[in-house]
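Right, one structure below, let's go through it.
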Ligand SMILES: Cc1ncc(COP(=O)(O)O)c(C=O)c1O
Ligand code: FES
């Protein structure tokens, strides 16, 4: 595949959840080492669920669309479920990305996991090795195949 | 979006084929099937076409026909110039001098010669405007320097190099001087009678000719070893049956470009300057890249801090504009362009580079449309990235 899908373009042109939760319960960033592009995600957690997730991305179309789609996927999920969201889920929500652009989806997931970890640190639950148990690996580490998470909003119709 | 509403502002990547060129090529394909090396009528007819084109290209450069070697394009011309000169070196000569802003066809070839054939390579830095100075080049020369290669017009930021002065310095020391003039031949005057250059690369598709055909000008007496062996065409310097239709297309494109050069350069310079002025007025913190005046008439290039080039290109494409970021020749590569980095622009700012290159078909209305479309796109991308740490 070498073109963006209508869903990816919709997330790019009308990104959801741009900005920052202020003050956040958790904040995390990740970068794409090959280009230096960056995503920061801030979240508010209510009752063990992600009540709000917002992002800022300095990056390409794929990076922006991925962060937008991922904040949507995360919102309303339990912290554990949100931490289990994987690059695969982002790609599924976007209907795929051009193959050379797939790595750009990783940093959204990395940023979300870092934000969720930050929540645990801030609430005294401990970090990666605290009582909350180990966190999922960074998205750049190999992972087995899994079922896609359900997309809550209809894919966009924004192709113009 | 239908094709009629598209605005093409990427003439540095390639240009549409001029109608005169397409017509001439179609006629060759339909009517002249002979092999130019054959002795009978059909062959002789094809030979006449190739030689006419050779004369047209030579005339536009102030050269003679025997100094023109047809190639498959700019990349091959650059490779033939560098590899062919290096292979023809004598004694302990092994030095190559070039600049940090060359096209990959030169830079990667020079690096390959350094790695595999132990060429001593000097890659000269450029100033903030992308210029290399004659004194830098002179200082890099020594008794073992074989070749200096400095491009004429930069494909990304448009900066013109002082190649006449550099050529004179090389000539004074007996060093072969090559210039990649792919972006300038057809756009600005290029006369080998006044520019002391030994090898010049050009390709047709940058001046409204077909893709896949170009030429290397080889000044009489320049030592050059062929890269290919075979039937001996092009006086043994580039063997293989000629791309007759492509060569005819190159010749016609060259003639048309020479006829229109003066008026087009003036018109395109006005459009380019309107882009500069309009973008600086409408986009906060827009950074012009390249030299303000010593630049290609059609090139307006920028960096917009807080944006990323691929996102700019996709957003403008969605609005009907064809533009590029970094070099189109290495698209798919998300690394910031080596040219922009060589200007000393920091990495993150370099990521937000945008190149607009106007052409024969560009109108004032096209430029105004771009000036309307761009500012909100930059603002939107900045609002997505805006975080104190990122700005
Ligand atoms: C300055 C320069 N040199 C060389 C080339 C290579 O030309 P081509 O890809 O047609 O072989 C290009 C074009 O992309 C160019 O802009
Ligand atoms: S190119 Fe940098 S994140 Fe996609």
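Protein chains in written order, with my numbering: chain U, 1 to 160; chain G, 161 to 551.
A virtual CB, placed ideally from N, CA and C, is assigned to each residue, including glycine.
Is the CB of residue i under 8 Å away from at least one CB in chain U?
i             : result
residue 385/G : no
residue 471/G : yes
residue 544/G : yes
residue 495/G : yes
residue 162/G : Note that residue 162/G has pLDDT 49, beneath the 50 cutoff, so the model's placement of it is unreliable and the number below is only indicative. No - not a single Cβ of chain U is within 8 Å of the one on residue 162/G.
Taking only three categories from DSSP, how would you classify residue i?
i             : result
residue 536/G : helix
residue 469/G : helix
residue 335/G : coil
residue 495/G : coil
residue 463/G : strand
residue 9/U   : helix
residue 198/G : coil
residue 295/G : helix
residue 172/G : coil
residue 371/G : coil
residue 3/U   : coil
residue 485/G : coil
residue 121/U : helix
residue 361/G : strand
residue 344/G : coil
residue 100/U : helix
residue 165/G : helix
residue 480/G : coil
residue 40/U  : strand
residue 31/U  : strand
Are the C-beta of residue i and some C-beta of chain G separated by less than 8 Å?
i            : result
residue 36/U : yes
residue 18/U : yes
I want to see whether chain C comes within less than 8 Å of residue i, judged by CB atoms only; does it?
i             : result
residue 328/G : As a matter of chain content, chain C is missing from the structure shown, whose protein chains are U and G.
>> Using a Cβ-Cβ cutoff of 7 Å, what residues of the stretch 72-106 of chain U are near chain G? List them in chain order.
In response: 100
> Which residues, in chain order, does the stretch 503-520 of chain G contribute to contact with chain U at a C-beta distance below 8 Å?
Replying inline: 507, 508 and 511
> Mind pulling the beta strand (DSSP E) runs of 3 or more residues that sit fully within the stretch 211-263 of chain G?
Replying inline: 228-231 and 255-259
> How do the stretch 42-52 of chain U and the stretch 498-507 of chain G stand: do at least 3 beta-carbon pairs fall below 8 Å, yes or no?
Replying inline: no
> What are the residues of the stretch 454-486 of chain G that lie near chain U, defined by any Cβ-Cβ distance shorter than 9 Å?
Replying inline: 466, 467, 468, 469, 470, 471, 473, 474, 475, 478 and 479
> Are the stretch 401-413 of chain G and the stretch 207-222 of chain G in contact at 8 Å, needing three or more beta carbon pairs?
Replying inline: yes
> At a cut of 8 Å, does the stretch 393-407 of chain G reach the stretch 423-437 of chain G through at least three beta carbon pairs?
Replying inline: no
> According to a CB-to-CB cut-off of less than 9 Å, which residues of the stretch 42-64 of chain U neighbour chain G?
Replying inline: 55, 56, 57, 58, 59, 60, 61, 62, 63 and 64
>> Give the list of continuous alpha helix (DSSP H) stretches no shorter than 4 residues that lie fully inside the stretch 375-457 of chain G.
In response: 404-442
> Touching or not, the stretch 316-327 of chain G and the stretch 283-295 of chain G, by the rule of three or more beta carbon pairs under 8 Å?
Replying inline: yes
> Should the stretch 268-287 of chain G be regarded as contacting the stretch 336-356 of chain G, the criterion being three or more beta carbon pairs within less than 8 Å?
Replying inline: no
>> Would the stretch 339-349 of chain G count as touching the stretch 197-216 of chain G if we require 3 or more Cβ pairs under 8 Å?
In response: no
> Are there three or more Cβ pairs, one per stretch, closer than 8 Å when the stretch 462-480 of chain G is compared with the stretch 518-525 of chain G?
Replying inline: no
>> Output needed in chain order: residues of the stretch 1-16 of chain U with a Cβ under 8 Å from some Cβ in chain G.
In response: 4, 9, 12, 13 and 15
> So does the stretch 184-196 of chain G actually touch the stretch 351-368 of chain G, counting three or more Cβ pairs closer than 8 Å?
Replying inline: no
> At which residue ranges does the stretch 501-546 of chain G contain complete alpha helix (DSSP H) runs of 4 or more residues, listed in the order of the chain?
Replying inline: 507-510 and 524-545
> Are at least three pairs of beta-carbons, each pair with one atom in the stretch 324-332 of chain G and one in the stretch 298-314 of chain G, less than 8 Å apart?
Replying inline: yes
>> Under 8 Å: do the stretch 78-85 of chain U and the stretch 11-24 of chain U share three or more Cβ pairs, one atom per stretch?
In response: no
> Enumerated in chain order, which unbroken segments of the alpha helix (DSSP H) with a length of 4 residues or greater are wholly contained in the stretch 43-85 of chain U?
Replying inline: 61-74 and 79-84
>> Under 8 Å: do the stretch 60-76 of chain U and the stretch 96-107 of chain U share three or more Cβ pairs, one atom per stretch?
In response: yes
> Touch check for the stretch 495-502 of chain G and the stretch 424-434 of chain G: three-plus C-beta pairs under 8 Å?
Replying inline: no
> Per the contact definition of three or more C-beta pairs closer than 8 Å, is the stretch 216-236 of chain G in contact with the stretch 366-378 of chain G?
Replying inline: yes
>> Is it the case that the stretch 251-267 of chain G contacts the stretch 229-243 of chain G, given that we only count it when at least three CB pairs across the two stretches are under 8 Å?
In response: yes
> Which ranges does the alpha helix (DSSP H) cover as unbroken runs of at least 4 residues, wholly within the stretch 273-332 of chain G, from first to last along the chain?
Replying inline: 294-300 and 323-332
> Does the stretch 168-186 of chain G come close enough to the stretch 360-372 of chain G that 3 or more CB-CB pairs lie under 8 Å?
Replying inline: yes
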